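Number of protein chains: 2
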Amino acid sequence: MRIGQVADELGINTKTIRYYESIELIPAVPRTPAGYRDYTDEDIDRLEFIRTGRRLGLSLDEIRQVLHLRERGEQPCDYVLDVVHRQLRDIDRHIRELAALRDELHRLLDTAHQPSEAPGNPAPRYCRLVEAAS
Amino acid sequence: MRIGQVADELGINTKTIRYYESIELIPAVPRTPAGYRDYTDEDIDRLEFIRTGRRLGLSLDEIRQVLHLRERGEQPCDYVLDVVHRQLRDIDRHIRELAALRDELHRLLDTAHQPSEAPGNPAPRYCRLVEAAS
DNA sequence: GTAGGGGTTCCAGTTGCTGGAAGCTCCAGG
DNA sequence: CCTGGAGCTTCCAGCAACTGGAACCCCTAC
Numbered sequence: 006m007r008i009g010q011v012a013d014e015l016g017i018n019t020k021t022i023r024y025y026e027s028i029e030l031i032p033a034v035p036r037t038p039a040g041y042r043d044y045t046d047e048d049i050d051r052l053e054f055i056r057t058g059r060r061l062g063l064s065l066d067e068i069r070q071v072l073h074l075r076e077r078g079e080q081p082c083d084y085v086l087d088v089v090h091r092q093l094r095d096i097d098r099h100i101r102e103l104a105a106l107r108d109e110l111h112r113l114l115d116t117a118h119q120p121s122e123a124p125g126n127p128a129p130r131y132c133r134l135v136e137a138a139s
Numbered sequence: 006m007r008i009g010q011v012a013d014e015l016g017i018n019t020k021t022i023r024y025y026e027s028i029e030l031i032p033a034v035p036r037t038p039a040g041y042r043d044y045t046d047e048d049i050d051r052l053e054f055i056r057t058g059r060r061l062g063l064s065l066d067e068i069r070q071v072l073h074l075r076e077r078g079e080q081p082c083d084y085v086l087d088v089v090h091r092q093l094r095d096i097d098r099h100i101r102e103l104a105a106l107r108d109e110l111h112r113l114l115d116t117a118h119q120p121s122e123a124p125g126n127p128a129p130r131y132c133r134l135v136e137a138a139s
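Quick mapping for you: the protein sequence lines, in order, are chains Z and E. For the first sequence, our numbering gives the first residue as 6, with consecutive numbering after it. For the second sequence, our numbering gives the first residue as 6, with consecutive numbering after it.
In C-alpha cells:
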C-alpha cells in the first residue's frame, strides 16, 4: 500500500509519515521498483498505535519508549500507566489555568463596556484593555 | 537600566528580551559605551505590555499588530476585542477537548484494573492500554 | 504525446524561546 | 596591579511536531 492511501486511511499527512520515518520512529519500509514506499498491515498497525498514543497525549519520545520496551519483550504497560498518570495531572492543571484565563478575559470584556475615560483613570499608553489586565 | 535588571524585574529571561529585539518586536535600545543595552522606563512598559499580552494568550504576532496599530495612531482595542473573543472560543474548545481526554484516560485506567487476558480478547500487539483506546 | 495525480528528496520555516561557547567589561578584594 | 567572578556581548544550534515548497520521477488515461 502506498503512502497516500495509508495517510488517507489513518487521517495523517504523508509528510508526517515520512517525518516519523526520518526520526526512526517507524522503520524504513521496502520500496516498489519505482521507489515508492510500500506499507504492510503491520506498518499501518504501528502508525495507528502512534496516532492513538499522540491522541492520548504521549509525546513522540514517550511513544518511542513504549515501542522500544515492546521490542525488548518487556511489558510497557507500567510505563504507560506512569505516563498516563502524569498526563492526567498535567491536564487537570492545564484546565485550571485555562479556566482562570477565561475568567480573566471575561472580566476584561466587562471592562470594555465601561466608559473608557473614567475620571481619575490614566490615559492608556497602548490599549486600555490590555493595560487593565496588568 | 541593564538587561539583567530588566529581566529580574519583569520575570523574563534576558535571552527572551534579546530575542524580542531580534524579531523587531521591540526596538533596538541605545547602548552604553561598553556596548551594554540600556533600557528606559518606556522600554520596560513595552516589555510589560508584551508580557501581559502573552499571559492573555496573544501570540507575538498579534501583539505586534497591536503595537503597530498603536504606532499608527489607531485605537487597537477593537482588534484586541476580536482577538480576545476568538481566544475565548478557542479556550472553551480546548477545555472541552482536555476534559474529554481526561475522561478517556480515566476509563483507560479503569481497564488497567481488569484482567489482561479476558477470554476472547486478542493478545495485545504493543500495549493493551493503548490499544484499548483505539 | 501530454496532462494529471501520485510519488521522491532535500531544504527551510513554523512558535517562542533556551542553551552553550567564546569573548568582552566592570568591580571588589588581596 | 592582578585576579576572580558576575554580567554582558554575539552567534549558532536545538527544542516539538510537523508542514510547505521546489524540483524532479513514475504511471495511467485520453
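Glycine residues also receive a C-beta, built at the ideal position from the N, C-alpha and C atoms. For clarity, every value in this text was computed on a predicted model and none was experimentally measured.
For this session: To the nearest angstrom, report how far apart P38 of chain Z and R7 of chain Z are at their CA atoms.
Result: Those two C-alpha atoms are separated by around 13 Å.
Exercise. Quick check: the segment 46 to 56 of chain Z against the segment 25 to 34 of chain Z, are there 3 or more CB pairs under 8 Å?
Worked result: Segments in contact, yes.
For this session: Could you tell me whether any Cβ in chain Z is nearer than 8 Å to the Cβ of A33 of chain E?
Result: It does not; no Cβ of chain Z falls within 8 Å.
Problem set entry | Distance CB(I55 of chain E)-CB(Y24 of chain E) smaller than 8 Å | no
Exercise. Of all Cβ atoms in chain Z, is any one closer than 8 Å to the Cβ of R59 of chain E?
Worked result: No, R59 of chain E lies away from the interface with chain Z (no Cβ there is under 8 Å from its Cβ).
Exercise. Name the chain E residues that come within less than 8 Å of I22 of chain Z, Cβ to Cβ?
Worked result: Neighbours of I22 of chain Z on chain E: none; closest Cβ ~18 Å, over 8 Å.
Exercise. Among the residues of its own chain, which have a CB less than 8 Å from the CB of R101 of chain E, if the five just before and after it don't count?
Worked result: none
Exercise. Does the separation of the CB atoms of I68 of chain Z and R107 of chain E fall below 8 Å?
Worked result: no
Exercise. How many Å lie between R94 of chain E and V71 of chain E at the Cα?
Worked result: 20 Å
For this session: Compare the C-beta of V89 of chain Z with all C-beta atoms of chain E and state if any pair is closer than 8 Å.
Result: yes
Exercise. Grouping DSSP H, G and I as helix and E and B as strand, with all else coil, what is R7 of chain Z?
Worked result: In this structure, DSSP gives R7 of chain Z a state outside helix and strand, which the three-state scheme calls coil.
For this session: Apply the 10 Å Cβ neighbour rule to G9 of chain Z and answer buried if 16 or more other Cβ atoms are within range, or exposed otherwise.
Result: exposed
For this session: Give the interface partners of G62 of chain Z over in chain E, defined as CB-CB distance under 7 Å, in chain order.
Result: L106
For this session: Output the distance between the C-alpha atoms of A105 of chain E and G58 of chain Z, rounded to the nearest integer angstrom.
Result: 15 Å
For this session: Take T45 of chain E as the anchor and find which of E:H111, E:V11, E:R60, E:L114 has the nearest alpha-carbon.
Result: E:V11
Exercise. What number of angstroms, rounded off, separates the C-alpha of V89 of chain E from the C-alpha of L61 of chain E?
Worked result: 8 Å
Exercise. Which one of E:R112, E:L86, E:R98 has the shortest CA to CA distance from R112 of chain Z?
Worked result: E:L86
For this session: Scan the segment 33 to 55 of chain E for residues whose Cβ lies nearer than 7 Å to a Cβ of chain Z and list them as they occur along the chain.
Result: D50, E53, F54
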